[in-house]
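Student: I have a structure I would like to understand better, so I am pasting it below and will then ask my questions one at a time.
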Amino acid sequence: MTLFRPCIDLHQGKVKQIVGGSLNDNGAQENFISDYDAAYYASLYRDHELKGGHVIALGKDKENKLEALSALRAYPNGLQYGGGVTKKNAAEFLEAGASHVIVTSYLFEDGEFSWDRLDKIKRETGTERLVLDLSCRRVGESWFIATDRWQTITSTEVNLDNLVELADHCDEFLIHAADVEGLQAGIDERLVTLLGQGCPVDVTYAGGARSLADLKRVHELSNGKVDLTIGSALDIFGGQGVTLDDCILWNQGKI
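Just so it is clear: in the sequence shown, position 192 is 192 by our numbering, and no numbers are missing.
Right under this line is the structure:
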């Protein structure tokens with residue numbers, strides 16, 4: 001069954017919802033800036049027993065790291081952490097309370113996937129605590145992994161063969177559809193369908209969700225094999241498309 005997975009996105013030390021494709025060195029197009037800190041949201045998810053969510057630091061600001069660590073302490077073993085994860089700091093976030101670390105950019109050198117780097121970080125985390133972030137952008141009729149805040153398109157395609165091969169090296173995949181992230185214009189249905197066909201491990205899709213109906217749609221397209229993160233449309237992030245309460249009821253099978 002497709003489940004709702006919560007998120008905490010950090011940018012410039014604040015919990016925000018942004019338009020993913022707009023993120024660059026100068027900032028980002030912002031949909032929402034919260035008055036609450038990351039620990040508040042982590043505690044909210046903990047109290048409602050929402051599991052498998054992620055806290056992502058968008059940028060290397062010191063404040064982002066401090067906020068992320070406070071969220072991990074508030075919900076130990078309840079959140080995955082991503083943002084600048086390398087073999088040198090992966091253990092720090094796991095020891096701070098992350099259930100998993102999420103890694104993308106570290107795995108690439110000059111736009112090419114590095115199996116050597118994957119092996120190095122696996123020695124720090126084990127496959128059971130590693131999530132591979134395969135967030136991608138569309139190129140023609142295909143999708144390619146995008147790194148460096150989704151601005152650099154790599155040569156690694158998100159396709160069935162690569163999904164099967166990479167699944168042997170991690171516990172889960174996290175995949176943002178960067179072209180629709182934050183737009184609330186609907187999910188990338190073709191990508192969700194592909195993920196449902198070819199992911200031997202758990203996978204969470206994010207990007208474009210705008211209503212509770214999208215949970216049902218992802219369930220239908222993926223045969224219940226793909227989970228969904230809803231960000232900008234969610235009421236706790238200033239959205240009007242869906243409430244957190246309804247997402248909780250969905251996970252409980254009551255809607």
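We treat Cβ as the ideally placed atom computed from N, Cα and C, and that holds for glycine.
Could you check what DSSP says for residue 138 in three-state terms: helix, strand or coil?
Tutor: Residue 138: strand per DSSP, three-state reduction.
Student: Less than 7 angstroms between the beta carbons of residue 152 and residue 113, yes or no?
Tutor: no
Student: Sort 74, 210, 139 and 125 by Cα distance to residue 47 and report the nearest one.
Tutor: 74
Student: If you compare alpha carbons, which of 187, 9 and 171 is closest to residue 237?
Tutor: 9
Student: By the DSSP assignment, the alpha helix (DSSP H) with residue 218 in it spans what residues?
Tutor: 212-222
Student: Does the Cβ of residue 254 have 16 or more other Cβ atoms within 10 Å, making it buried, or fewer, making it exposed?
Tutor: exposed
Student: Do residue 90 and residue 71 count as a contact pair if the criterion is CB distance below 7 angstroms?
Tutor: no
Student: May I ask which residues mark the beginning and end of the alpha helix (DSSP H) holding residue 157?
Tutor: Secondary structure note for residue 157: it is in no alpha helix (DSSP H), and the uninterrupted beta strand (DSSP E) holding it is 152-157.
Student: Excluding five sequence neighbours on each side, which residues of the same chain lie with their C-beta closer than 8 angstroms to the C-beta of residue 136?
Tutor: 143, 144, 145, 146, 158, 175, 176, 177, 178 and 191
Student: Between which two residues does the beta strand (DSSP E) harbouring residue 30 extend?
Tutor: 30-33
Student: Going by the CB atoms, is the gap between residue 208 and residue 186 shorter than 7 angstroms?
Tutor: Cβ atoms of residue 186 and residue 208: closer than 7 angstroms.
Student: What residue range is occupied by the uninterrupted alpha helix (DSSP H) comprising residue 63?
Tutor: 62-74
Student: According to the Cβ coordinates, are residue 201 and residue 195 closer than 7 angstroms?
Tutor: no
Student: Give every residue of the same chain whose Cβ lies closer than 8 angstroms to the Cβ of residue 126, excluding the five residues on either side of it in the sequence, and list them in chain order.
Tutor: none
Student: For residue 118 and residue 52, what's the separation of their Cα atoms in angstroms?
Tutor: 22 angstroms
Student: How about residue 79 and residue 251: are their beta carbons less than 7 angstroms apart?
Tutor: Taking 7 angstroms as the cut-off, the beta carbon of residue 79 is found no closer than this to the beta carbon of residue 251.
Student: Let's see if you can read the secondary structure: which residues bound the beta strand (DSSP E) around residue 85?
Tutor: Premise fails: residue 85 is in no beta strand (DSSP E) and is neither H nor E.
Student: Can you look up residue 198 in the DSSP assignment and give me helix, strand or coil?
Tutor: helix
Student: Do residue 140 and residue 163 come within 7 angstroms of each other at the CB atom, strictly closer than that value?
Tutor: no
Student: Going by other Cβ atoms of all chains shown within 10 Å of its Cβ, with 16 needed for buried, is residue 14 buried or exposed?
Tutor: buried
Student: With DSSP as the reference, identify every bridge partner of residue 143, one or two as the case may be.
Tutor: Under DSSP, the beta-bridge partners assigned to residue 143 are 138.
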